[in-house]
Ligand code: PHE
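Numbering (my numbering), first residue to last: 557 to 1010.
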């Protein structure tokens, strides 16, 4: 069936390009900034183990479903969901998955860009030697001063939005594909260089043990909730990003093996990021559970005290900015592709309009760190509200609906054909995982996320 529909946006040149693009979407701030600090907060190896289980039993099956629906629909997530619902005789209301996803992607972009902006700012700060030989208090002050200056935050937020729009505006083959071909190899190269650096530290073994010593007594319910939520965020699931990218996937490529490759690469990057960060943390006697400030406060401090720290620190923040860039593209694509299909405006016009709006809404997040720091809704700033609403409610809900639609409403035969399983035992395993295990896990986490169970 995917041969029968045509994507008006283009098709990735090869299966490898799809893998690179999808990995580009998956690998981002979630891997390099968030994974290490939540691992630090939730006790290291025990958390890593739960996270790996979530990726395997919830992330991979749902990603397969998203890519499959996208490729078969060959349109934006909104219109693909409409087509898939029609094809299977279900209510067109399933489109809501696409609408909510496009909105979630847009909202995430508004604050993701602000944090990515910090990373760009830090490229310059590290490069100019601002952290050379500083102590903890100074490093904290540099970060605090950044948060306190709306002008500086807006500058880098704007730069990040502009580079993102530039790529999305150029379209699938000229924009997304070309960016991917450059960004992903650069990213892997930077990561390997940094890994080599942390391997040379005496504390490498300590960092390694912290990540890979599975102490079962440390596994808490809480860790399970955080790990599951994070597995959605890190694999870019629940908002149609993978559906949008799936729509451009060559018809012949095998979805199962491709998705497993993407999930594996995403996981490897997260683990390597941990292996880069924790030895540096331990080498300097810093606190692994330092929270969100880990990357922006403790790490620069550590880089500032090490031989070669200026170079490696600068490289590190370039890596973060690149990773965020290739993710941000996929946050905008679901909305932009819908508007290209359904309105008479051109892709560049739509991209600029949506991007300008995202930039504007992002100002709310910028102000959350200074002038509006005290303006709170239910104890949360504007930035916190958006983060909470998207990551804890919209993504899990989107993932849940995708799992229910694919597992219970979509015709089994269509999935079987599209996944090209030819009687492989993997098919029933996938089907029953997406019917039972993934939805139950998501419902549990969703209820915990909104505080209905403890
Ligand atoms: N996966 C990205 C990260 O880990 C974030 C993201 C979420 C990107 C959802 C696209 C869609 O940073």
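Each residue gets a CB set at the ideal place from its N, CA and C atoms; glycine is no exception.
Asked, Found
"Rounded to the nearest angstrom, what separates residue 896 and residue 563 at their Cα positions?", "12 angstroms"
"So which of 948, 942 and 608 has the shortest CA-CA distance to residue 924?", "942"
"Which runs of the alpha helix (DSSP H) spanning at least 4 residues fall entirely within the region 688-743, listed in chain order?", "692-704 and 706-726"
"What does DSSP give as the partner residue(s) for residue 933 in the beta ladder?", "936"
"Using C-beta distances below 6 angstroms, list every residue in its chain close to residue 933, excluding the 5 sequence neighbours before and after it, in chain order.", "941"
"How is the alpha helix (DSSP H) around residue 635 delimited, first residue to last?", "633-643"
"Between which two residues does the alpha helix (DSSP H) containing residue 565 stretch?", "Per DSSP, residue 565 belongs to no alpha helix (DSSP H) and is neither H nor E."
"Taking the straight line between their C-alpha atoms, what separation do you get for residue 851 and residue 593?", "8 angstroms"
"At a cut-off of 7 angstroms, would you count residue 585 as near the ligand PHE, judging by its Cβ distance to the nearest heavy atom?", "yes"
"Taking only runs of the beta strand (DSSP E) that begin and end inside the region 893-980, which ones reach a length of at least 3 residues, in chain order?", "none"
"Within 8 angstroms of any Cβ in chain D, is that where the Cβ of residue 567 sits?", "Of the protein chains in this structure there is only one, and it is not chain D."
"Over what stretch of residues does the alpha helix (DSSP H) that includes residue 624 continue unbroken?", "616-629"
"Starting from residue 986, trace the alpha helix (DSSP H) both ways and give me its first and last residue.", "982-988"
"Please go through the same chain and pick out, in chain order, the residues whose beta-carbon is closer than 8 angstroms to the beta-carbon of residue 908, but skip the five residues on each side of it.", "721 and 725"
"Is residue 907 near the ligand PHE, in the sense that its beta carbon is under 7 angstroms from a heavy atom of that ligand?", "no"
"What is the C-beta distance between residue 1018 and residue 604, in whole angstroms, given that I count them as a contact (C-beta under 8 angstroms)?", "Coverage of the chain is limited to positions 557 through 1010, which leaves residue 1018 absent and any answer about it impossible."
"If you pair each beta-carbon of the region 700-718 with each one of the region 888-905, do three or more pairs fall below 8 angstroms?", "no"
"Beta carbon of residue 887: closer than 7 angstroms to some heavy atom of the ligand PHE?", "yes"
"How many angstroms separate the CA atom of residue 974 from the CA atom of residue 808?", "10 angstroms"
"On a Cα-Cα basis, can you pick out the residue from 665, 595 and 579 that is closest to residue 939?", "665"
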